[in-house]
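Residue numbers (my numbering), protein chains in the order written: chain A, 1 to 663; chain B, 1001 to 1128; chain C, 2001 to 2260.
Glycine included, C-beta positions come from ideal geometry on N, C-alpha and C.
Note that the coordinates shown come from a computational prediction; the quantities given were computed from them, not determined experimentally.
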Amino acid sequence: MQRIGVFVCWCGSNISATVDVEKVSAVLALEPNVVISQNYQYMCSENGQALIRNSIKEHNLTGVVVCSCSPRMHEATFRRACESAGLNPYMLEVANIREQVSWIHKDIEEATEKAIILGRTAIAKLRLNTPLTAGESPVIKRALVIGGGIAGIQSALDIAEAGYEVDIVEKSPTIGGNMAKLDKTFPTLDCAACILTPKMVDCAQNEKIDILTFSEIESVKGFVGNFKVGIRKKARFVNEKLCTGCGVCTQKCPSKRGLNDFNMNLNTRPAIYIPFAQAIPNVAIIDPEQCLKLKNGKCGLCAMQCPTKAIDYTQQDEIVEREYGAIVVATGYKPISLENFNEYGYSTYKDVVTSLEFERIMNAAGPTSGHLERPSDHKQPKVITFIQCVGSRDTSGCGKPYCSKICCMYTAKHAMLVREKYPDTQVNIFYIDVRTPGKNYDEFYRRAVEQYGVNYIKGMVGKVYKEGDNLVVQGSDLINNEQLLIKSDMVVLAAAIEPDPSVRKIATLLTTSIDTNNFLTEAHAKLKPVESPTAGIFLSGVCQGPKDIPETVSQASACAAKVIGLLAKDKLKCNASTAGADEMLCTGCSLCENVCPYGAITYIDKEFRLGGGRTEVRRVASVNPAVCQGCGACTVTCPSGAMDLKGFSTKQIMAEVDAICKN
Amino acid sequence: MNSKEQVKIIKERSGTDASKCMKCGKCSGRCPAYNEMDIKPHQFVSMIEKGEIEKLLNCKAIYNCLSCFACVERCPRNVAPAAIIEAVRQEVIRMQGGNYINSEEIPQIVDEQIPQQLLVSMYRKFNK
Amino acid sequence: MKFNYYPGCTLKTKAKELDAFGRKSLEALGVDFEEIKEWQCCGAVYPVAKDEVATKLSAVRTLAMAKENGGKVLTLCSACHNVLKRVNNDMKTDENMRLKANNYLALEEPYLGESEVIHYLELLRDYVGFDKIKAAVVNPLKGVKIGAYYGCLLLRPNSTMAFDNPENPTIIEDFIKAIGATPVVYAFRNECCGAYVSTTNNELAKKKSSAVIASAKDEGAEMLVTACPLCMYNLRQNGGGEIEVKYFTELLATALGVNN
């Protein structure tokens, strides 16, 4: 006979303003098995928890129902309270009367009724609860970082620093990401390469870090502490171990028409190439679309010239499987495609470029060796007009609804760099709002205006068109209430940024959630900003939301701290809610084995006594409780109803449904 | 009818939600008749939202708007300035004596080449 | 497949050649079409105001008539296309408009936007195919540099018209290539010609039309083509007369050898 205590939380006025908490506790007190029912202002406070603990002892409770916020918020808190009073922590049920009641209803009477129903439901389930014990599983002391930009690099360095092994898997041929393409960085204007490349070298030299470039995640199995990841190492047709990065091959290659994606396709590169001078690893790669040998078998010059015989035209993709305790997603961003913004002429006029292209044009290692010239005729522009918010804050369906956050600052930076190096250049910036929160950020922007004489225009551009050799930027100046026609030699578009498209596949493989803009969702927007809702998966950098370099680095280090905290544990408490098959019902069909995402189910041949001394051997499902995560996929798949989940048994769920329907 | 009601009717007639405007000015940056608009497209959006319709009802812009829909096409927030301008124009021309052109004037402005389409559209835009 | 051809008023009067060359070309291309019997004026301009119902009814009648006959409405004049397509969209999506229009018209079966409005150029692109047109050309217009003039009505609002990329359309350029001529892309091809204000504010119409022509000439165009009689009028009367302007159907008929 269960002895149940009910505890109704006010959550200050969060619940009590919409739900009559007195009535809820009074009505629930009348439910069978309930021996005490109380309400309190903050159940999660120390006093509230003491109330639960004392009641357990005083009334000899065998189970506790807390009517409060979502179990995602405080289930663990109340479980601990139960445990410290000597009650099995799984003898607790939480009825969510905040997110599911008070926050979404206005009518007090209706809300109170619904809260009572949810309370009864929890009581009905609790009557069938049995004490559970969680097992333990070992933690594999190795981390995976997906993405080798500044976010991934920083997370990996910090994890390695703590003494754990970490692999960086990067889909392009070098680590460095978008930051490697930048010229200078705000707000201090130090050169991006000068601060990034030492970190790239640190990664390469750190014994704890293994870098797998030109590689992609192919499969993920397992769970926190025990992930098994399949990684596809794509064929680069160059043996990484033999190549010394001398670059002779790249000079001899006769096929030089491939677009240089590191330079944002502003110039070309040979079919065999090293992405940039400080690439890590400093190893060549062959573009099979451009390579004459791979296309039609004729050439082979690079192999002949290579002093270390590193070229291997027969190289194939290779799948490696590795095990990790934790996974960091650091897949970064890309600028959006501008096909929906043809009013700015990007696809029509060569001299309309994106900001990231402009970074390459200004970069000393870029296609123009840092000399500012416009793409169409290589003339030095005398008037440059920047347009901000190209595709950001756009709810029309053409762009992105969010603010991309970094554009105001990098546009101010571009303007300053131009005025610094070419003081006779006129620089105009069309803006909707200048958003510069951050240490020394607004000061930076004001410097662009006050010291560098950059012409900021409050308004948006409606059209960019060609007139003779020049572009005309037609836009509004809302302060002066004018429509301006600014003759410009070059136009730079601050295109919105979006998560790298590879993140969708990765999120699916990791079974972690993604929002409508393809940003990964954090476990809690404020209090768990680097954890994903899936245990053991952490978020680093722009994959979680737009951010600049300082913010990315901070988040990457925070992410590393969380990973280190996890890897420092020898064992993790497993999930107690594991599945199990009723062997008398199991028909050995294997359906559950096929749907289990964790590989927790195997089939065994087991001998059963039939009575009268006879036995029979049958094939039945066997669940490894250390691996089972309690997702329940097997229980709903099982055609014979043999599979059941502890703590969420079919009987318990039916009791809940009954409790709701009876009302 | 008081002006509050009139604003409400004009807003409904426009079928667009002026509160979505983020004041970027792209509509006015795009407007091909900008210099002929004594009230600019972005001001129509802002003034209707604030309920200041007196100036709108008396402006020249409602007759110079080309209904080319460039402002609608380009608005990043799905606001339709041209629809607000049309809603105001309807408010004016539906009033007694609100017709912008009189039929007596027609012979002077018509030439041999004028397509029927122009006459009908002009009439529909300017008269009730 | 049969197309219900909707010529509209202007094509029966001031723009007869747009209609005549269009018909001849369709015949030459083997397109099955028939003029909608008893079609009515579309209204010339789409009534933007949400509280206008009566001014849309003649368009609804035409659309409902076409529904009886397979539902494919073929338009040629840009303005008719704009009005019919947008009214059809209202009948599909605007509950209030649907109810009022059907109550008033009291058709045998309520009209709920089932017809599909297809512009002649869309027919060439999506049903005939520019490749097939290219193969059918007997007099290619070699070497003629032609600027496509789209104007407003075919392209905007794109959410309803869905004709082509509203800021960088290519359909008329593709057409020009198919008939053997050289398309000239210029910035003002989707700018307004001045439209109906040419009567009340002729200065404005002059400014707009001449800006279009200047932009086209700046890129080397020798001729402009259009699908709209109003654009044609403005470009010819108010554009300064510095460039030849033709209906695209005339060029098509010429290329197909059926222009006599």
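Between which two residues does the alpha helix (DSSP H) carrying residue i extend?
i: Glu1005 (chain B); result: Ser1003 to Ser1014
i: Tyr422 (chain A); result: Taken as a continuous stretch (DSSP letters only), Tyr422 (chain A) belongs to no alpha helix (DSSP H), as it is neither H nor E.
i: Leu2026 (chain C); result: Lys2016 to Leu2029
i: Leu567 (chain A); result: Ile549 to Leu567
i: Gln483 (chain A); result: Taken as a continuous stretch (DSSP letters only), Gln483 (chain A) belongs to no alpha helix (DSSP H), being part of the beta strand (DSSP E) at Glu482 to Ser488.
i: Gln474 (chain A); result: First-last for Gln474 (chain A): Asn470 to Asp477, but that is the beta strand (DSSP E), not the alpha helix (DSSP H).
i: Val2087 (chain C); result: Ser2078 to Thr2093
What residues from chain A crowd round residue i, counting only those whose CB sits closer than 9 Å?
i: Asn2201 (chain C); result: The premise fails here: Asn2201 (chain C) is roughly 17 Å from chain A at the closest Cβ pair, so nothing lies under 9 Å.
i: Cys1021 (chain B); result: Result: empty, since nearest Cβ-Cβ is about 11 Å, beyond 9 Å.
Assign residue i to one of two classes, buried (16 or more other C-beta atoms within 10 Å of its C-beta) or exposed (fewer than that).
i: Lys562 (chain A); result: buried
i: Tyr2104 (chain C); result: exposed
i: Met654 (chain A); result: exposed
i: Ile173 (chain A); result: The amino acid occupying residue 173 (chain A) in the given sequence is Pro; Ile does not appear at that position. Counting Cβ neighbours within 10 Å, Pro173 (chain A) comes out buried, since at least 16 surround it.
i: Gln388 (chain A); result: buried
i: Asp107 (chain A); result: exposed
i: Ser68 (chain A); result: buried
i: Asp351 (chain A); result: buried
i: Ile1010 (chain B); result: buried
i: Met1 (chain A); result: exposed
i: Thr440 (chain A); result: A quick correction: the sequence has Asn, not Thr, at residue 440 (chain A). By the neighbour-count rule (16 or more Cβ atoms within 10 Å), Asn440 (chain A) is not buried but exposed.
Relative to the C-alpha of residue i, which residue among the options is closest?
i: Gly2151 (chain C); options: C:Lys2134, C:Tyr2196, C:Val2138 and C:Leu2123; result: C:Tyr2196
i: Glu2114 (chain C); options: C:Glu2122, C:Thr2093 and C:Lys2142; result: C:Thr2093
i: Gly565 (chain A); options: A:Thr250, A:Val248, A:Glu531 and A:Ser649; result: A:Glu531
i: Thr511 (chain A); options: A:Ala134, A:Phe223, A:Leu372 and A:Ile604; result: A:Phe223
i: Val2073 (chain C); options: C:Val2212, C:Gly2008 and C:Ile2133; result: C:Gly2008
i: Ala277 (chain A); options: A:Glu75, A:Met200 and A:Asp351; result: A:Met200
i: Ile2243 (chain C); options: C:Val2258, C:Thr2160, C:Lys2145 and C:Glu2250; result: C:Lys2145
i: Val2048 (chain C); options: C:Lys2085, C:Lys2206 and C:Phe2175; result: C:Lys2085
i: Ile506 (chain A); options: A:Leu485, A:Cys631 and A:Ser219; result: A:Ser219
i: Gly332 (chain A); options: A:Ile319, A:Ser404, A:Cys9 and A:Thr185; result: A:Ser404
If you follow the beta strand (DSSP E) that residue i is part of, which residue opens it and which one closes it?
i: Thr512 (chain A); result: Taken as a continuous stretch (DSSP letters only), Thr512 (chain A) belongs to no beta strand (DSSP E), as it is neither H nor E.
i: Val461 (chain A); result: Val461 to Glu467
i: His2119 (chain C); result: Glu2116 to His2119
i: Met2223 (chain C); result: Met2223 to Thr2226
i: Phe430 (chain A); result: Gln426 to Tyr431
i: Leu2074 (chain C); result: Lys2072 to Thr2075
Residues of chain A with CB under 7 Å from residue i, in chain order?
i: Gly1098 (chain B); result: Near Gly1098 (chain B) there are no residues of chain A at all, since even the closest Cβ is about 28 Å away, more than 7 Å.
i: Ala2221 (chain C); result: Correct list: empty, because the minimum Cβ distance to chain A is about 13 Å.
Under 7 Å Cβ-Cβ, which residues of chain B neighbour residue i?
i: Leu338 (chain A); result: Those within 7 Å of Leu338 (chain A) in chain B number zero; the least Cβ separation is about 14 Å.
i: Asn2158 (chain C); result: Glu1073
i: Ile432 (chain A); result: Met1022 and Cys1024
i: Tyr2233 (chain C); result: Gln1113, Ile1114, Pro1115 and Leu1118
Starting from residue i, find everything on chain B with Cβ-Cβ shorter than 8 Å and list it in chain order.
i: Val2278 (chain C); result: Limits of chain C in this structure are 2001 at one end and 2260 at the other, which puts residue 2278 (chain C) out of reach.
What does residue i reach in chain B if we use C-beta pairs closer than 9 Å?
i: Gly2022 (chain C); result: Per Cβ cutoff of 9 Å: no residues; Gly2022 (chain C) is ~16 Å from chain B at best.
i: Thr2055 (chain C); result: Arg1124
Which residues of chain C have a Cβ atom closer than 7 Å to the Cβ of residue i, listed in chain order?
i: Arg1013 (chain B); result: Ala2049, Lys2050 and Asp2051
i: Pro942 (chain B); result: Nothing can be reported for residue 942 (chain B): it is not among the residues displayed for chain B, which extend from 1001 to 1128.
i: Asn342 (chain A); result: Asn2165, Glu2167 and Asn2168
i: Glu1086 (chain B); result: Val2048 and Ala2049
By the criterion of Cβ-Cβ separation under 9 Å, what are the contact partners of residue i in chain C?
i: Asn1064 (chain B); result: Val2197, Thr2200, Asn2201 and Leu2204
i: Gly468 (chain A); result: Asp2218
Would a check of beta-carbon distances place residue i closer than 7 Å to chain F?
i: Pro1076 (chain B); result: Here chain F cannot be found, since the structure's protein chains are A, B and C.
For residue i, return the contacting residues in chain C, with the cut-off set at a CB-CB distance below 8 Å.
i: Ser347 (chain A); result: Asn2168
i: Tyr465 (chain A); result: Ala2187, Phe2188 and Ser2215
Which chain A residues are close to residue i, counting only those with a beta carbon under 8 Å from its beta carbon?
i: Lys1060 (chain B); result: Neighbours of Lys1060 (chain B) on chain A: none; closest Cβ ~16 Å, over 8 Å.
Tell me, please, whether the region 1065 to 1083 of chain B touches the region 1012 to 1029 of chain B by the rule of three or more beta-carbon pairs shorter than 8 Å. yes
Please confirm if the region 567 to 586 of chain A is in contact with the region 613 to 627 of chain A, defined as three or more CB-CB distances below 8 Å between the two stretches. yes
Inspect the CB distances between the region 336 to 344 of chain A and the region 493 to 505 of chain A and report whether three or more fall short of 8 Å. yes
Are there three or more Cβ pairs, one per stretch, closer than 8 Å when the region 2158 to 2177 of chain C is compared with the region 2014 to 2028 of chain C? no
Could you tell me whether the region 230 to 248 of chain A touches the region 274 to 294 of chain A, using the rule of 3 or more Cβ pairs below 8 Å? yes
contact_flag[the region 407 to 416 of chain A, the region 352 to 368 of chain A] where n(CB pairs < 8 Å) is 3 or more: yes
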